[in-house]
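**Q** Under the working numbering, the letters of the first sequence match residues 19 to 893, in that order.
Every residue, glycine too, gets a C-beta built ideally from N, C-alpha and C.
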Amino acid sequence: MPQEEKSETTITRPERPNDERYDAQRVESKWTERWQQDASIYAAEPDSAKKKFYVLEMLPYPSGALHMGHVRNYSIGDALARYMWMSGYNVLHPMGWDSFGLPAENAAISANVPPREWTLRNIANMKAQMKRLGFAYDWSREVTTCFPEYYRWNQWFFLKLYERGLAYRKKSKVNWCPKCATVLANEQVLSNGCCWRHEDTVVEQRELEQWFLRITNYADELLRDLERLPGWPEKVRTMQRNWIGRSEGTLVDFKLDYGPEHKGFGPAGSTITVFTTRIDTIFGATSVQLAPEHPIVIDLAAKNPDLRAKVDQLIAEQRKAKEAGDIGEIEKHGVPTGRYAINPFNNERIPIWVANYILMDYGTGAIMSVPAHDDRDYEFAEKYGLEIRLVILPISNDPEETMAEPPLPFTTHDGMLINSGIYSGMACDAAIKKLAEFAEQKGIGKATVTYRLKDWGISRQRYWGTPIPMLYCAKDGIVPVPEKDLPVILPDKVEITLTGGSPLARVPEFANVTCPRCGGPARRETDTMDTFVDSSWYFYRYCDARNDRAPFDSKIAQYWFGEKGIDQYIGGVEHAILHLIYSRFWTKFMRDIGLITNDEPVERLFTQGMVIKDGAKMSKSLGNVVSPDEMVARYGADAARLYSLFAAPPDRDLDWQDSGIEGIQRFLGRVYRFFVRYPVETLPATPLQPRQETSASQAAPLCPQARALQRKLHQTIKRVSDDFQGRWHFNTCISAIMELLNAMYGYEDSVAQSSAKGENETRLLAEVQRDVVLMLAPFAPYLAHELWEMMGEKSSLLKASWPKYDPELAKEEELEIPVQISGKLRSKVVVPADSTEEFVIERALADEKVKATIAGKQVIKKIYVPGKMVNLVVK
RNA sequence: GCCGGGAUGGCGAAAUUGGCAGACGCAGCGGACUUAAAAUCCGCAGGGCUCAAAAGGCCUGUGGGGGUUCGAUUCCCCCUCCCGGCACCA
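1. Between I297 and K452, what straight-line distance do the alpha-carbon atoms span, to the nearest angstrom?
2. Report the CB separation of P623 from G249 in whole angstroms; it is logged as a contact under 8 Å.
3. Are I679 and A658 touching if we call contact CB-CB under 8 Å?
4. Please look up how many angstroms separate the CB atoms of A802 and L794, rounded, as I've assumed it's under 8 Å.
5. How big is the Cα-Cα spacing for T291 and V306?
6. Take every Cβ of the segment 458-467, pair it with every Cβ of the segment 488-499, and state whether three or more of those distances are shorter than 8 Å.
7. According to DSSP, is V207 helix, strand or coil?
8. Which whole-angstrom value is the C-beta distance of I300 and F363, which I expect to be below 8 Å?
9. To which residues of the same chain is M113 closer than 6 Å at the C-beta, ignoring the five residues directly before and after it?
10. Can you look up Y358 in the DSSP assignment and give me helix, strand or coil?
11. Leaving out five residues before and five after Y954 in sequence, what residues of the same chain have Cβ atoms less than 7 Å from its Cβ?
12. Have a look at T355 and R326 and give me their C-alpha separation to the nearest angstrom.
13. Run through the segment 292-380 for me and flag every whole alpha helix (DSSP H) of 4 or more residues, listed as ranges in chain order.
14. Using DSSP's beta-bridge definition, name the partner residues of M86.
15. Would you report the Cα separation of N374 and G475, rounded to the nearest angstrom?
16. Among residues of its own chain, excluding the 5 on either side of I413, which ones have a beta-carbon nearer than 8 Å to its beta-carbon?
17. Classify P836 as helix, strand or coil using the three-state DSSP reduction.
18. Less than 8 Å between the beta carbons of K197 and Q228, yes or no?
19. As a quick exercise: from R695, V689, E648, pick the residue whose alpha carbon is nearest that of A676.
20. Here's the rule: buried if 16 or more other CB atoms are within 10 angstroms of the residue's CB, otherwise exposed. What is K822?
21. Does the separation of the CB atoms of Y469 and A237 fall below 8 Å?
22. Would you mind working out which of V551, R524, G537, Y556 sits nearest T544, comparing C-alpha positions?
23. Inspect the beta-carbon positions of Q147 and A83 and report whether they are closer than 8 Å.
24. Could you tell me the alpha carbon to alpha carbon distance between I77 and I630, rounded to whole angstroms?
25. With distances taken between CB atoms, is the gap from T304 to P389 smaller than 8 Å?
26. For the beta strand (DSSP E) that contains K829, what are its first and last residues?
27. Is it the case that the Cβ atoms of P521 and V506 are separated by a distance below 8 Å?
28. For the putative contact between A655 and L151, defined by C-beta atoms under 8 Å, what is the C-beta separation to the nearest angstrom?
29. Within this structure, are the beta carbons of Q223 and W214 separated by less than 8 Å?
30. From the DSSP secondary-structure annotation, give me the bridge partner or partners of I507.
31. Quick one: what's got a C-beta closer than 6 Å to E711's C-beta in the same chain, skipping five residues either side?
32. What alpha helix (DSSP H) runs, 4 residues minimum, are completely inside the segment 58-139?
33. Hey, which unbroken runs of the beta strand (DSSP E) at 3 residues or more fall wholly within the segment 472-551?
34. Please list, in chain order, all residues of the same chain as I333 whose beta carbon is under 7 Å from its beta carbon, the five residues on each side excluded.
35. Measure the beta-carbon distance from F797 to L663 and round it to whole angstroms, keeping in mind my assumption that it falls under 8 Å.
36. Taking the alpha helix (DSSP H) that N685 belongs to, which residues open and close that run?
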């Protein structure tokens, strides 16, 4: 890196330009180059003397080019990072690439480019775009997940998970996307049954052997700790809560009835275990309903061709509904098996049915049907004429209502048991406990918890991903790759197709190995890992990105993560369940193996809204895509960034309008013009005094207009600072700066050209200009840096102190108080800010318009809200 | 069905604790500058009625209906529509 060039460019103070026109392209390319030459300005190292702040934006997939959603995401993060730097924090602000994944393989197939080459080319392009946009990332920590230096630690983690029984292999029904030609995790299937990448492609079910991670071991903690994340959007927490789907209930064994004409049910066993959340209604159970794929049903159907045909029909209906995404609206069908089960609480013999609304993959795939107290059971019983038996009555304060027969089905918990043997008369909630205890004592059931969350299937029959470090030996079975042999390198020369299973299986030199235990021949696992593994822990790697002995150093991670994790994480809400639940799981696992001490990865999460155009999501098919490159070329990076913050609050969707960014471009030009037009010739030779002192010396002698400008300045600093610390409505921050600029022009028009302009006025103007630059720095860094240099400042703007406001100087001296008569605005009076209530009301009553309005009426009430308004109620 | 978010001028939006609705910007209109245009600077602007016009005055207005209050975009109840998530989850 040429050192001498650098020092030359920073020393000279450029002449103030004569041209008022702001040439964004010239200025921005100048600073892009300078920042390029001194990348270390954004670097941070652990420093116990300074408060840390870890601000992170979700790392992108290198698809080829940034889109406006990226620009918005990074503009928010960059503004925050710059503000925190200026507020004296030790800021970590890294960036990287989530660079494994299917699109690279598709490119290989359609354009015949190797995935690695395609990916690295895209990364180079997007990195250049980021630099052109002026984002302040510490590139020395760049993480690229497709490099062996990174993915070897995925493999290392996998071995640790395997050692602890948290990674296991099992054959099961899995989601298969025909277009991806691979298995998908449950989290990657949309609610309409389609693939998350191919929203028009229905996922099929296939029976395959897969590697799973036992995320369900952490289900309870993942749920419980959501309460400890007040810095997360309620929406995301709710989504995760729904996804985990914890449900407390009871397992109850129903014995099969071996009546005289039956010889038992064979290997499937002699009991049916049902799961219920309402064991209090068990005396109202009038049938047992089984999922069509329940083992007992399969067993029965095997011996009964007629039943088998009917069950196959139910299975087909269920599958069809699932694939159409409307399993919730399936028309209920069922068939009786002709067999019976015994209700263990009343020894009653009830029929066993098979029904298409019972799901095999939830609970036990079997329920007790209580038509009187469950909507679905009621509908089903009505249809097939099954008995409906009332066992719960409402309890109410109204004696008439209590004990009255409710309309069916009656499904609430607020009730009392009847027709329930010794439990009659108990309240529902108490009965649930008692009945579960009894079942447990008798060995016929127990209280239990069921989750919707399933273990995470991570095997992918794809090439461009982390090889799973496992071997299969004819003699030793499943053998993990020894840690010393990591990384298992992903080979380069592989023929990629979307058919015929894992591409790696067709690479003999990769697939054929010797067993490290017996030395005999073994086969390597040729599936790769889900790319969500890569992104589950990447933010820890940023802390210590070049470590080749461990995923990262625990001490360094502890500094940056602290007790509560990343201070601010920013990204799209589309990862609310996927990435954000996986990485919480990974954090808990890493804590359990002693790598880290925090329980959660992210303290505060912010999900920004989408960028849309003409009311619709940007997409190639709609032809409404706005290209960041084009915006930067036309309006400049500052304008693109500032507009993405100005057009809407960051959590809302943003409708992109080209005319809007033109307005922002005008604003930037107007700022620049002010500095060129009204240069402050007499900058204080010494750095500006601490603010209080300057203010005190300025407060008195300023002319009224100057005082008004000073007040506006301090009010603006307050508004912008408050917003950074609170609600992040950067759109109003920018409005506030615009208002200040308007006031600056107004001030120059009215005063500064006149003879009233004295030294204090000049000093004030210098102060205002300096603070405007400081406040613009997080939002429009290019212009801010240029103006900073034009003002002759030598220090780094990045680390310059954020301006402080003086509440005294921000205060109004006179207030315009609205006067309402009976709640309607009728007039306004101007009073000194420190006026008493009596004085303000007296002035209000003396006002001509007020007098006219209340003439002939009697004032019955006088309300004064200090500093806000007067309301005179008349009769 | 359940959960979360939203609905304010022609448009994007603001109103931070119940206190002047529409800040700021876009589009629009008018003026200054200019041979002209662009650029720039200044001004007007929710809707309606009144007034010859202007100034002014009056009425009305934050998805709809009701309530609490001196006062409601803001709090409470009911309803409509839009966006997102979950869904015969037993």
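**A** Put simply:
1. Mapped onto the first sequence, residue 297 falls at position 279. Mapped onto the first sequence, residue 452 falls at position 434. Going from the Cα of I297 to the Cα of K452 covers about 10 Å.
2. Counted from its first residue, the first sequence places residue 623 at position 605. Counted from its first residue, the first sequence places residue 249 at position 231. The residue you asked about is not Pro; residue 623 is Leu in the sequence shown. The Cβ separation is near 7 Å, so the contact holds.
3. On the first sequence, residue 679 is found 661 positions in, with the first residue counted as 1. On the first sequence, residue 658 is found 640 positions in, with the first residue counted as 1. Yes, Cβ-Cβ distance for I679 and A658 is below 8 Å.
4. Against the first sequence, residue 802 aligns to sequence position 784. Against the first sequence, residue 794 aligns to sequence position 776. Indeed, because the Cβ distance is near 4 Å, the residues count as touching under 8 Å.
5. Start at 1 with the first residue of the first sequence, and residue 291 comes out as number 273. Start at 1 with the first residue of the first sequence, and residue 306 comes out as number 288. Cα-Cα distance, rounded: 10 Å.
6. no
7. The residue given as residue 207 occupies position 189 in the first sequence. Correct three-state label for V207: strand.
8. Counted from its first residue, the first sequence places residue 300 at position 282. Counted from its first residue, the first sequence places residue 363 at position 345. That belief holds up - the Cβ atoms of I300 and F363 are roughly 5 Å apart, short of 8 Å.
9. On the first sequence, residue 113 is found 95 positions in, with the first residue counted as 1. These residues qualify, in order along the chain: Y155.
10. Residue numbering aside, residue 358 sits at position 340 when the first sequence is read from its first letter. In this structure, Y358 counts as strand in the three-state DSSP scheme.
11. Lying outside 19 to 893, the shown extent of the chain, residue 954 is not represented and no answer is given.
12. Within the first sequence, residue 355 is the residue found at index 337, counting from 1. Within the first sequence, residue 326 is the residue found at index 308, counting from 1. Taking the straight line joining both Cα atoms gives about 10 Å.
13. 313-320, 323-342
14. For the purposes of this step, residue 86 is taken as the residue at position 68 of the first sequence. In DSSP, M86 forms no bridge with anything.
15. For the purposes of this step, residue 374 is taken as the residue at position 356 of the first sequence. For the purposes of this step, residue 475 is taken as the residue at position 457 of the first sequence. One C-alpha to the other measures close to 26 Å.
16. Start at 1 with the first residue of the first sequence, and residue 413 comes out as number 395. Excluding residues within five positions, the ones whose Cβ falls inside 8 Å are T420, D432, G433, M434, A445.
17. What you label residue 836 is simply residue 818 of the first sequence in a count that begins at 1. Strand at P836.
18. The residue given as residue 197 occupies position 179 in the first sequence. The residue given as residue 228 occupies position 210 in the first sequence. No.
19. Within the first sequence, numbered from 1, the residue matching residue 676 stands at position 658. Note that residue 676 is Asp in the sequence shown here, rather than Ala. When only C-alpha atoms are compared, the closest one is E648.
20. In the first sequence, the residue the question calls residue 822 occupies position 804. That one is exposed.
21. Translated into positions along the first sequence, residue 469 becomes position 451. Translated into positions along the first sequence, residue 237 becomes position 219. The answer is yes: Cβ separation under 8 Å.
22. Here residue 544 refers to the residue found at position 526 when the first sequence is read from its first residue. Considering only alpha carbons, the answer is R524.
23. Within the first sequence, the letter at position 129 stands for residue 147. Within the first sequence, the letter at position 65 stands for residue 83. Against a cut-off of 8 Å, the Cβ pair of A83 and Q147 comes out as a contact.
24. Residue mapping note: residue 77 aligns to position 59 of the first sequence, counting from 1. Residue mapping note: residue 630 aligns to position 612 of the first sequence, counting from 1. The sequence given here places Leu at residue 77; Ile does not occur at that position. Looking at the two C-alpha atoms, the distance is approximately 21 Å.
25. Counting from one through the first sequence, the residue named residue 304 turns up at place 286. Counting from one through the first sequence, the residue named residue 389 turns up at place 371. Yes. Within cutoff.
26. Against the first sequence, residue 829 aligns to sequence position 811. K829 -> no beta strand (DSSP E), and no H or E assigned at all.
27. Counting from one through the first sequence, the residue named residue 521 turns up at place 503. Counting from one through the first sequence, the residue named residue 506 turns up at place 488. No, they are not a contact pair.
28. For the purposes of this step, residue 655 is taken as residue 637 along the first sequence, with counting starting at 1. For the purposes of this step, residue 151 is taken as residue 133 along the first sequence, with counting starting at 1. The pair is a contact, with the Cβ atoms about 5 Å apart (cut-off 8 Å).
29. Numbered from 1 along the first sequence, position 205 holds the residue referred to as residue 223. Numbered from 1 along the first sequence, position 196 holds the residue referred to as residue 214. No.
30. On the first sequence, position 489 is the one that residue 507 refers to. In the DSSP output, where bridge partners are listed per residue, I507 has none listed.
31. Residue 711 sits at position 693 when you count from the first residue of the first sequence. Residue placement at E711 is flagged as unreliable, the pLDDT there being 43, under the threshold of 50; a coordinate-derived value is accordingly withheld.
32. 86-104, 120-129
33. 488-491, 495-498, 530-532, 539-542
34. Taking the first sequence and counting its residues from 1, the one referred to as residue 333 is at position 315. Closer than 7 Å at the Cβ level, and outside the excluded window around I333, lie P310, E311.
35. Here residue 797 is taken as the residue at index 779 of the first sequence, counted from 1. Here residue 663 is taken as the residue at index 645 of the first sequence, counted from 1. The Cβ separation is near 6 Å, so the contact holds.
36. In the first sequence, counting from the first residue as 1, residue 685 sits at position 667. The sequence as given places Phe at residue 685; Asn does not occur at that position. Element bounds for F685: 676-695.
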